[in-house]
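Visitor:
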C-alpha cells in the first residue's frame with residue numbers, strides 16, 4: 004500500500020511516498036511559494052505514484068474543528084497568499100483519495116510516537132524549538148485535540164533573574180516562544196543562535212526556559228516521553244542542561260525514574276513530520 008505524505012512547511016514543502024510501516028520510498032522538497040504554484044509542484048511529484056491515501060502536516064494556524072465551515076483551511080497566517088486558503092478541500096478535489104490533515108507539529112509527534120523515540124511509549128510529547136516553539140501530544144495512538152490545536156509555545160513563563168529581554172512574541176511578549184525560540188535568542192543577543200555556541204550564559208538561560216516549559220507540560224499531561232527537536236536543539240549540550248534544570252524545578256514533586264529517558268532528542272533525522280503524515284493517513288484509513 005502506497006501512502007502519500009506532505010509536510011507543508013511555511014518555508015518549504017516536503018513530499019514523500021512511503022509504505023504503511025513508515026518507510027520512505029521517494030521524497031522531494033521545494034520552496035513554499037503561492038498555494039497554486041506550490042501545490043502544482045506537489046502534484047507533479049505525486050503523479051508518478053498510485054497512492055491509496057494522503058497524510059498532510061501543515062503550518063498554521065489551521066482550522067481543525069470538523070464542525071467548522073472552514074475546516075481544513077489555513078487561518079490568519081503571516082504568509083498572506085495562504086491566508087484562509089482551503090487546503091484540505093483543494094487536496095481532496097485534486098487527488099480523489101482520502102486526505103487527512105493535521106498540524107506539522109502534531110504529525111511530527113505521530114512520527115516519533117510510531118517510528119522514533121516514542122515508539123515503545125504509551126504517550127509522547129514532541130516539541131520543536133526553532134523560529135517558533137510548537138508541541139504536539141499523542142496518547143495511546145491518538146493526537147490530543149481540543150476545540151482547535153493546542154498552542155503550547157504560548158504558555159506564560161517566569162523570567163530568568165539574569166534576563167532583561169522583554170520577549171519577542173507580538174501577542175504575549177514574554178511567553179515560552181517569546182523567550183526561548185530561535186527568534187527570541189537572535190533578538191535578545193543580536194546574533195543567531197549558531198553564532199553563540201561559546202557563550203555559556205546564553206544556554207543557561209535557554210535551558211531554564213525550556214525546562215520550565217517542559218515541567219509545566221509534564222505536570223499537566225505526564226507524557227512518558229518528551230522528544231525535543233528543532234534548530235535550537237542542534238546545540239546538543241542543551242539536553243543535559245535542560246534535564247538538570249527540569250529536575251530542579253520539579254523539586255521531587257512527581258517521581259521521574261530516569262530523566263535521561265524522559266527528555267530525549269528525536270530519532271527520525273528531521274523526517275518525523277513527513278513520516279508522521281504517513282502514520283496519520285494509515286491510522287485514519289484503517
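In this note's numbering, the protein residues as written are 4 to 289.
Note that the Cβ used here is the ideal one computed from N, Cα and C, for glycine as well.
My parser needs the alpha helix (DSSP H) runs of 4 or more residues fully inside the region 216-249; what are they?
Guide: Listed in chain order, there is nothing to give.
Visitor: Could you pull out every residue in the same chain whose Cβ sits closer than 7 Å to the Cβ of residue 218, ignoring the five residues on either side in sequence?
Guide: Here residue 218 refers to the residue found at position 215 when the chain shown is read from its first residue. Cβ within range, chain order: 249, 252 and 253.
Visitor: Within the same chain, show all residues whose beta-carbon is closer than 7 Å to that of residue 25, passing over the 5 residues directly before and after it, in chain order.
Guide: Here the question's residue 25 lines up with position 22 in the chain shown. Around residue 25: 117, 118, 278, 281 and 282.
Visitor: Which residues in the same chain have their Cβ closer than 6 Å to the Cβ of residue 189, if we skip the five residues on either side of it in sequence?
Guide: Position 186 of the chain shown holds residue 189. Answer for residue 189: 195, listed in chain order.
Visitor: Let me know if residue 236 comes out buried or exposed under the rule of 16 or more other beta-carbons within 10 Å of its beta-carbon.
Guide: Looking up residue 236 in the chain shown gives position 233. Buried, since its Cβ has 16 or more Cβ neighbours within 10 Å.
Visitor: Helix, strand or coil: which one does DSSP assign to residue 194?
Guide: Translated into positions along the chain shown, residue 194 becomes position 191. It is coil, neither helix nor strand.
Visitor: Around the Cβ of residue 29, are there at least 16 other Cβ atoms within 10 angstroms (buried) or fewer (exposed)?
Guide: Here the question's residue 29 lines up with position 26 in the chain shown. That one is exposed.
Visitor: For residue 2, which residues does DSSP report across the bridge?
Guide: Not covered by the structure: residue 2. The range shown for the chain is 4 to 289.
Visitor: Here's a check: name, in chain order, each residue in its chain whose Cβ is nearer than 7 Å to the Cβ of residue 215, leaving out the five neighbours to either side.
Guide: Residue numbering aside, residue 215 sits at position 212 when the chain shown is read from its first letter. Excluding residues within five positions, the ones whose Cβ falls inside 7 Å are 160, 161 and 252.
Visitor: Would you call the region 100-112 and the region 82-89 touching, i.e. three or more CB-CB distances under 8 Å?
Guide: no
Visitor: Just checking my contact of residue 184 with residue 132 at CB under 8 Å: how many whole Å lie between their CB atoms?
Guide: For the purposes of this step, residue 184 is taken as residue 181 along the chain shown, with counting starting at 1. For the purposes of this step, residue 132 is taken as residue 129 along the chain shown, with counting starting at 1. About 7 Å separates the two Cβ atoms, so the contact holds.
Visitor: On a CA-only basis, which of 128, 240 and 136 is nearest residue 145? Give me that one, please.
Guide: The residue you call residue 145 lines up with position 142 of the chain shown. Comparing Cα-Cα distances from residue 145 to each of 128, 240 and 136, the minimum goes to 128.
Visitor: Which partner residues does residue 147 have in the DSSP bridge list?
Guide: On the chain shown, residue 147 is found 144 positions in, with the first residue counted as 1. Beta-bridge pairing links residue 147 to no other residue.
Visitor: Go ahead and label residue 88 buried or exposed: buried means 16 or more other beta carbons lie within 10 angstroms of its beta carbon, across all protein chains shown.
Guide: Locating residue 88 in the chain shown gives position 85, counting from the first residue. Looking at its Cβ environment, which holds 16 or more other Cβ atoms inside 10 Å, residue 88 is buried.
Visitor: Alpha carbon to alpha carbon, what distance is there between residue 205 and residue 170?
Guide: As a working mapping, residue 170 is identified with position 167 in the chain shown. As a working mapping, residue 205 is identified with position 202 in the chain shown. Answer to the nearest angstrom: the Cα atoms are 15 Å apart.
Visitor: Buried or exposed for residue 177, please, with buried defined as at least 16 other CB atoms from any protein chain shown within 10 angstroms of its CB.
Guide: Here residue 177 corresponds to residue number 174 of the chain shown, with the count starting at 1. Flag for residue 177 reads buried.
Visitor: Taking C-beta to C-beta, are residue 46 and residue 32 nearer than 8 Å?
Guide: Indexing the chain shown from 1 puts residue 46 at position 43. Indexing the chain shown from 1 puts residue 32 at position 29. Their beta carbons are not under 8 Å apart, which means residue 46 does not touch residue 32 by this criterion.
Visitor: Which residues share a DSSP beta bridge with residue 30?
Guide: One-based indexing of the chain shown puts residue 30 at position 27. Residue 30 pairs with 19.
Visitor: Using 8 Å as the threshold, is the C-beta distance between residue 77 and residue 59 below it?
Guide: As a first step, residue 77 is located in the chain shown; it is residue number 74 there, counting from the start. As a first step, residue 59 is located in the chain shown; it is residue number 56 there, counting from the start. No, these two residues do not count as a Cβ contact at 8 Å.
Visitor: Are residue 227 and residue 124 close, meaning C-beta to C-beta below 8 Å?
Guide: Position 224 of the chain shown, counted from the first residue, corresponds to residue 227. Position 121 of the chain shown, counted from the first residue, corresponds to residue 124. Against a cut-off of 8 Å, the Cβ pair of residue 124 and residue 227 comes out as a contact.
Visitor: Quick one: what's residue 138 bridged to in DSSP?
Guide: Locating residue 138 in the chain shown gives position 135, where the first residue counts as 1. Beta-bridge partners assigned by DSSP to residue 138: 130.
Visitor: Within a Cβ cutoff of 7 Å, which residues of the same chain sit near residue 271, ignoring the five residues on either side of it in sequence?
Guide: If you number the chain shown from 1, residue 271 lands on position 268. The residues are 114, 115, 118, 119 and 278.
Visitor: Is DSSP giving residue 208 helix, strand or coil here?
Guide: Stepping through the chain shown from its first residue, residue 208 is reached at position 205. In this structure, residue 208 counts as helix in the three-state DSSP scheme.
Visitor: Indicate the three-state DSSP secondary structure (helix, strand or coil) for residue 66 in the structure shown.
Guide: Looking up residue 66 in the chain shown gives position 63. Coil.
Visitor: Quick check on the DSSP output: the alpha helix (DSSP H) that includes residue 116 runs from which residue to which?
Guide: Looking up residue 116 in the chain shown gives position 113. Residue 116 -> alpha helix (DSSP H) spans 107-118.
Visitor: Where does the unbroken alpha helix (DSSP H) through residue 283 begin, and where does it stop?
Guide: The residue you call residue 283 lines up with position 280 of the chain shown. That run of the alpha helix (DSSP H) goes 275-288.
Visitor: Could you spell out where the beta strand (DSSP E) holding residue 61 opens and where it closes?
Guide: Along the chain shown, read from residue 1 onward, the residue named residue 61 stands at position 58. Counting along the chain, the beta strand (DSSP E) containing residue 61 begins and ends at 56-61.
Visitor: What is the DSSP secondary structure of residue 43, reduced to helix, strand or coil?
Guide: The residue given as residue 43 occupies position 40 in the chain shown. Residue 43 falls in the helix class under three-state DSSP.
Visitor: Where does the unbroken alpha helix (DSSP H) through residue 181 begin, and where does it stop?
Guide: Here residue 181 refers to the residue found at position 178 when the chain shown is read from its first residue. 179-183 is the extent of the alpha helix (DSSP H) around residue 181.
Visitor: To the nearest angstrom, report how far apart residue 5 and residue 269 are at their CA atoms.
Guide: Translated into positions along the chain shown, residue 5 becomes position 2. Translated into positions along the chain shown, residue 269 becomes position 266. The C-alpha of residue 269 is placed about 25 Å away from the C-alpha of residue 5.
Visitor: Cα separation between residue 275 and residue 230?
Guide: Against the chain shown, residue 275 aligns to sequence position 272. Against the chain shown, residue 230 aligns to sequence position 227. Spanning the two alpha carbons is a distance of roughly 11 Å.
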